[in-house]
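> Protein chains in written order, with this note's numbering: chain F, 6 to 397; chain W, 42 to 143.
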Amino acid sequence: MPIAYLDEYRDRALAERLVAQIRKVQTRPWVLMEMCGGQTHSIVKHGLDQMLEAALPHTLELVHGPGCPVCVTSLEMIDKAHAIAQRPEVIFCSFGDMLRVPGSRGDLFRLQAQGADIRVVYTPLDCLKLARQYPAKQIVFFAIGFETTAPANAMLVYRAHAEKLDNVSVLVSHVLVPPAIANILQSPANRVQGFLGPGHVCAIMGYREYEPIASRFQVPIVVSGFEPLDILQGALMTVRQLEAGKHTVENQYARILNRDGNPAARQLVYSVFETCDKKWRGVGAIPKSGYKLRWEYRDHDAERRFQVAEIDTLESDLCISGQILKGIKKPHHCPAFGTACTPLHPLGATMVSAEGACAAYYAYGRHLQPSMTGAGGPGRGPHTPQPGPPAT
Amino acid sequence: MCLAIPGKVVSAFEAGGLPMARVQFGAVTREACLAYVPQAVVGDYVLVHVGFAISRVDEAEALRTFELLREMDQLTELDAPAVVAIDAPAVGDLLAGVPPCP
Ligand code: SF4
Numbered sequence: 006m007p008i009a010y011l012d013e014y015r016d017r018a019l020a021e022r023l024v025a026q027i028r029k030v031q032t033r034p035w036v037l038m039e040m041c042g043g044q045t046h047s048i049v050k051h052g053l054d055q056m057l058e059a060a061l062p063h064t065l066e067l068v069h070g071p072g073c074p075v076c077v078t079s080l081e082m083i084d085k086a087h088a089i090a091q092r093p094e095v096i097f098c099s100f101g102d103m104l105r106v107p108g109s110r111g112d113l114f115r116l117q118a119q120g121a122d123i124r125v126v127y128t129p130l131d132c133l134k135l136a137r138q139y140p141a142k143q144i145v146f147f148a149i150g151f152e153t154t155a156p157a158n159a160m161l162v163y164r165a166h167a168e169k170l171d172n173v174s175v176l177v178s179h180v181l182v183p184p185a186i187a188n189i190l191q192s193p194a195n196r197v198q199g200f201l202g203p204g205h206v207c208a209i210m211g212y213r214e215y216e217p218i219a220s221r222f223q224v225p226i227v228v229s230g231f232e233p234l235d236i237l238q239g240a241l242m243t244v245r246q247l248e249a250g251k252h253t254v255e256n257q258y259a260r261i262l263n264r265d266g267n268p269a270a271r272q273l274v275y276s277v278f279e280t281c282d283k284k285w286r287g288v289g290a291i292p293k294s295g296y297k298l299r300w301e302y303r304d305h306d307a308e309r310r311f312q313v314a315e316i317d318t319l320e321s322d323l324c325i326s327g328q329i330l331k332g333i334k335k336p337h338h339c340p341a342f343g344t345a346c347t348p349l350h351p352l353g354a355t356m357v358s359a360e361g362a363c364a365a366y367y368a369y370g371r372h373l374q375p376s377m378t379g380a381g382g383p384g385r386g387p388h389t390p391q392p393g394p395p396a397t
Numbered sequence: 042m043c044l045a046i047p048g049k050v051v052s053a054f055e056a057g058g059l060p061m062a063r064v065q066f067g068a069v070t071r072e073a074c075l076a077y078v079p080q081a082v083v084g085d086y087v088l089v090h091v092g093f094a095i096s097r098v099d100e101a102e103a104l105r106t107f108e109l110l111r112e113m114d115q116l117t118e119l120d121a122p123a124v125v126a127i128d129a130p131a132v133g134d135l136l137a138g139v140p141p142c143p
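(1) Got a sec: does the ligand SF4 put a non-hydrogen atom nearer than 6 Å to the Cβ of G353 (chain F)?
(2) Taking all protein chains shown into account, do 16 or more other C-beta atoms lie within 10 angstroms of the C-beta of S52 (chain W), making it buried, or fewer, making it exposed?
(3) Determine the DSSP secondary structure at R164 (chain F), reduced to helix, strand or coil.
(4) With a cut-off of 7 Å, does the C-beta of N263 (chain F) fall near any C-beta of chain W?
(5) Less than 6 Å between the CB of P336 (chain F) and some heavy atom of the ligand SF4, yes or no?
(6) With a threshold of 7 Å between beta-carbons, can N267 (chain F) be considered close to chain W, or not?
(7) Would you say L75 (chain W) and A45 (chain W) are within 7 Å of each other, going by their C-beta atoms?
(8) Using the three-state DSSP reduction, which class does L319 (chain F) fall into: helix, strand or coil?
(9) Given that T280 (chain F) touches chain B, what residues does it touch there, using C-beta distances under 7 Å?
(10) Would you mind sorting W285 (chain F) into buried or exposed? The rule is 16 or more other CB atoms within 10 Å of its CB.
(11) Check whether the Cβ of S358 (chain F) lies closer than 6 Å to any heavy atom of the ligand SF4, and answer yes or no.
(12) Let me know the alpha helix (DSSP H) ranges lying completely inside the stretch 23-95 of chain F, each 4 residues or longer, listed in chain order.
(13) Just checking, does the stretch 171-183 of chain F make contact with the stretch 287-296 of chain F on the three C-beta pairs under 8 Å criterion?
(14) With 9 Å as the C-beta to C-beta threshold (strictly closer), list the residues of the stretch 204-234 of chain F near chain W in chain order.
(15) Ignore the nearest five residues each way along the sequence and tell me which others in V82 (chain W)'s own chain have a CB closer than 8 Å to its CB.
(16) Spell out whether any CB of chain W is found under 7 Å from the CB atom of L330 (chain F).
(17) Within 6 Å: the Cβ of C132 (chain F) and any heavy atom of the ligand SF4?
(18) Cα separation between R17 (chain F) and L23 (chain F)?
(19) Under the assumption that S174 (chain F) contacts H69 (chain F) (Cβ atoms under 8 Å), give the Cβ distance between them as a whole number of angstroms.
(20) Let me know the alpha helix (DSSP H) ranges lying completely inside the stretch 82-112 of chain W, each 4 residues or longer, listed in chain order.
(21) Less than 6 Å separating the Cβ of I83 (chain F) from some heavy atom of the ligand SF4?
(22) For A362 (chain F), which residues of its own chain have a beta-carbon under 6 Å away from its beta-carbon, when the five flanking residues on both sides are left out?
(23) Three-state secondary structure (DSSP) at E301 (chain F)?
(24) Measure from the C-beta of D134 (chain W) to each C-beta in chain F and report whether the shortest distance is under 7 Å.
(25) If the cut is a Cβ gap below 7 Å, which residues of chain W does A270 (chain F) touch?
(26) For a contact defined as C-beta to C-beta under 8 Å, what are the partners of A37 (chain W) on chain F?
(27) Out of F:A59, F:M38, F:K85, F:H51, state which residue places its alpha-carbon closest to the alpha-carbon of V313 (chain F).
(28) Locate the alpha helix (DSSP H) running through H1 (chain F), then write down its first and last residues.
(29) At 7 Å on the CB atoms, spell out the chain F contacts of R71 (chain W), in chain order.
(30) Does L104 (chain W) come within less than 7 Å of chain F when only Cβ atoms are used?
(31) So what's G204 (chain F) in DSSP terms, helix, strand or just coil?
(32) Please state whether DSSP places E255 (chain F) in a helix, a strand or coil.
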């Protein structure tokens, strides 16, 4: 039984009890989506999805949402980043995860090898130190992330502005979770019936803004942590709501967050950023789903400063990550998965970050199982249990 | 990369006009900004994301989560090289003049 995969963590007995509880309340199959890349990673590592799908006769399918900011940063933005990073006066700073993300023509590592000054930073604040240290250079930060990262990136801009560090600018590619959930629910191909909400995003934002979505689309949203027991408990809470015909926002992660989140962090985010329409890689444009700098901070806008011309983008035509990010397909449905596309030679962004669904499936050996379980789309046939991943 | 890593505040200081702390994550100690969790004091455990504390956690929770992140290979953020500080001028009150949340 797939429960064996849980051997490696301590709370196995509790996990089994949670699964038994889910089986008890469940009277028909349901499809849930987790919205945080950390949850995806944990689910695949511990085989939680296989465990829940094997809960015959009523399967509980987990599909993986667009919850990895590295994966959904648009190709246009990546290409713009590459164009800026190549300029001789620029020190281009980024979180480490972004360096291997394939743009239309290679990645940041390749540019670094060709002599571009590209630095991995631990925190956006490091850019302030670099700006003071190299006043004749342009320090550009690739400000990506969900709401969790926005307070850190906002502080960089706020401090650069306050200190009049004119040589600091940010390439902003922030994305927001609630509009993405709404977008998934509006799609005619949608299969998702309940959501595990993103715990650390809500540690900043709270979960008020999920309430109108839950009631408008009549879908339960349970804000959850990313540990195996958090996810199973979140799944149980969601299934309970589904079975009772309820659709509210619940908080599984109350030990970390409350309905209000972190108001001090939000205050600075709102003073530096405003919402804008945003293009998500593989998903497309979603209205009001991103942040851009407010007008007061326009001098720190890298796009404005470097006036990068439109670049023709080239996405791999094999990659189906767009359908994966919407929960329509899973990584093993991609013909390139584990063959033409691996973490060392990623064709799409979901193979790059450890939180991308393709990379997580690869890391835990699922490319070795060609006949994996899981749905291929709305019209799938009856579920058949399949062997699990090899023991690690 | 939205995961926050729990660590223990081992010292607090001010730098570049910001309340900062040294935070210990297992064998690694790194700086973190306390601007968003101003109530944290030395000895507290905080969740840190890209160099910013975002909330406080209790010790047992912190230790368990840290172990789990280590098992999941999700601590790479801590491997980023440190950038050496050059003293910043003080710029007055943090968040002074920032309008309240809508
Ligand atoms: S395996 Fe690679 S090519 Fe296929 S969807 Fe995932 S990232 Fe794209």
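C-beta atoms are modelled at their ideal positions from N, C-alpha and C, and glycine is treated no differently.
Result, derived from the coordinates:
(1) Set against 6 Å, the gap from the CB of G353 (chain F) to the closest heavy atom of the ligand SF4 is smaller.
(2) Burial call: exposed.
(3) In the structure shown, R164 (chain F) sits in a helix (DSSP, three-state: H, G or I).
(4) By this cut-off, N263 (chain F) is not an interface position.
(5) Shortest gap from the CB of P336 (chain F) to any heavy atom of the ligand SF4: under 6 Å.
(6) Closer than 7 Å: yes.
(7) One thing to note: L75 (chain W) has its Cβ no nearer than 7 Å to the Cβ of A45 (chain W).
(8) Three-state DSSP puts L319 (chain F) in coil, outside helix and strand.
(9) No chain B is present in this structure, whose protein chains are F and W.
(10) Classification of W285 (chain F): buried, given that the 10 Å Cβ count is 16 or more.
(11) No.
(12) Taken in chain order, the complete alpha helix (DSSP H) segments of 4 or more residues contained in the stretch 23-95 of chain F are 42-51, 53-58, 74-77, 80-90.
(13) As far as the Cβ criterion goes, the stretch 171-183 of chain F touches the stretch 287-296 of chain F, which means the pair count is three or higher.
(14) Residues of the stretch 204-234 of chain F with a C-beta less than 9 Å from any C-beta of chain W: G204, H205, V206, A208, I209, G230, F231, E232, P233, listed in chain order.
(15) Within the same chain, V82 (chain W) has close Cβ partners V50, A53.
(16) L330 (chain F) does not count as touching chain W.
(17) Outside the cutoff, so no.
(18) Straight-line spacing of the CA atoms in R17 (chain F) and L23 (chain F) works out to 10 Å.
(19) Not confirmed; about 34 Å, so no contact.
(20) Segments of the alpha helix (DSSP H) lying fully in the stretch 82-112 of chain W: 100-112.
(21) Short note on I83 (chain F): C-beta not closer than 6 Å to any heavy atom of the ligand SF4.
(22) Excluding positions up to five away in sequence, the list reads T45, H69, I329, P336, T355.
(23) Looking at E301 (chain F) - three-state DSSP - the assignment turns out to be helix.
(24) Summary for D134 (chain W): the model assigns pLDDT 49, below 50, so the residue's position carries little reliability; its value from the coordinates is reported in the next sentence. No, its Cβ sits nowhere closer than 7 Å to a Cβ of chain F.
(25) Chain W residues near A270 (chain F): Y77, I95.
(26) Residue 37 (chain W) lies beyond the range of chain W shown here (42 to 143); nothing can be said about it.
(27) Checking every option, the nearest Cα to that of V313 (chain F) belongs to F:K85.
(28) The structure shown has nothing for residue 1 (chain F), since chain F only spans 6 to 397.
(29) What R71 (chain W) touches in chain F: Y127.
(30) No, L104 (chain W) does not count as interfacial toward chain F.
(31) If DSSP states are grouped into helix, strand and coil, G204 (chain F) belongs with the helices.
(32) Of the three classes helix, strand and coil, the one that applies to E255 (chain F) here is strand, per DSSP.
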